[in-house]
Amino acid sequence: MPWGRTGTLPPAPAADPSDLRLRRDRTVWPDGRTHAFATRPAVPRTADEHLGAGDAAAALVRYADALADAPAGQHALAGWIVARRILEPGRAARRMPARPEELLEPAPRV
Numbered sequence: 790m791p792w793g794r795t796g797t798l799p800p801a802p803a804a805d806p807s808d809l810r811l812r813r814d815r816t817v818w819p820d821g822r823t824h825a826f827a828t829r830p831a832v833p834r835t836a837d838e839h840l841g842a843g844d845a846a847a848a849l850v851r852y853a854d855a856l857a858d859a860p861a862g863q864h865a866l867a868g869w870i871v872a873r874r875i876l877e878p879g880r881a882a883r884r885m886p887a888r889p890e891e892l893l894e895p896a897p898r899v
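Laid out in structure tokens, this is it:
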């Protein structure tokens with residue numbers, strides 16, 4: 790077989806080094822959001838800031854308040870799950886639930 794083990798495809802031509810997608814001069818990716826948690830906030834105001842400052846309990850309360858106001862809030866629900874995972878480590882908390890909205894108010898089982 791002239792083309793290798795499978796014999797189905799010819800070898801790929803050598804790539805031109807100036808045409809590569811991953812080049813050394815393109816390794817820095819500036820992200821404007823990284824400054825948010827570069828330093829601990831002196832006075833956390835939002836749930837995200839509390840979570841970033843390491844106060845998961847206060848963040849959990851604020852996320853729960855946000856979910857009480859807007860139960861469909863995906864940002865608040867994601868933050869609530871992360872804060873809950875920090876406060877309650879364990880196997881069950883590591884799994885992403887299939888219906889995370891039921892974590893807030895579980896429906897009675899019949």
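Numbering (this note's numbering), first residue to last: 790 to 899. Where is the CB? At the ideal position from N, CA and C, for every residue including glycine.
Where the alpha helix (DSSP H) containing D854 begins and where it ends: A845 to D858
Neighbour flag for A848 against chain C, beta carbons, 8 Å: No chain C appears in this structure, which consists of one protein chain only.
First and last residue of the uninterrupted alpha helix (DSSP H) at E877: First-last for E877: undefined, no H or E at that position.
Within 8 Å, strictly: CB atoms of A848 and A831: Result no, Cβ atoms of A848 and A831 do not sit closer than 8 Å.
Inter-residue Cα distance where the pair is L876 and A846: 7 Å
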